[in-house]
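Residue numbers (our numbering): 3 to 95.
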């Protein structure tokens, strides 16, 4: 679940289940139903995605997603620089 970083939820096969329109992936044009083929030129895998997002803390270049949408393939550049982010709970005093 990358909702709190780039703004999407992805299945194990690379298919985007949900994309938040106000987050970087949604602003770049990614949408539910698209299938990620590669990230920054590296073939799709959960590890490749984790590595690419983690590298955004030190690399200013946008993430490049090659995605398949039906019979078409297109590259989307996602401008994100925050590394991996996850929600955390805080105890109520």
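C-beta: ideal position from N, C-alpha, C; glycine also. Since the structure is predicted, the reported quantities are computational estimates derived from the model, not experimental observations.
Asked: CA-to-CA distance, residue 82 to residue 26, given in whole angstroms; Found: 6 Å
Asked: Contacts around residue 50, its chain only, beta-carbon distance under 7 Å, and the 5 residues preceding and following it disregarded; Found: 41 and 44
Asked: 8 Å Cβ cutoff met for residue 22 and residue 55; Found: no
Asked: Identified DSSP bridge partners for residue 13; Found: DSSP output for residue 13 lists no bridge partner at all.
Asked: For residue 32, three-class secondary structure by DSSP; Found: coil
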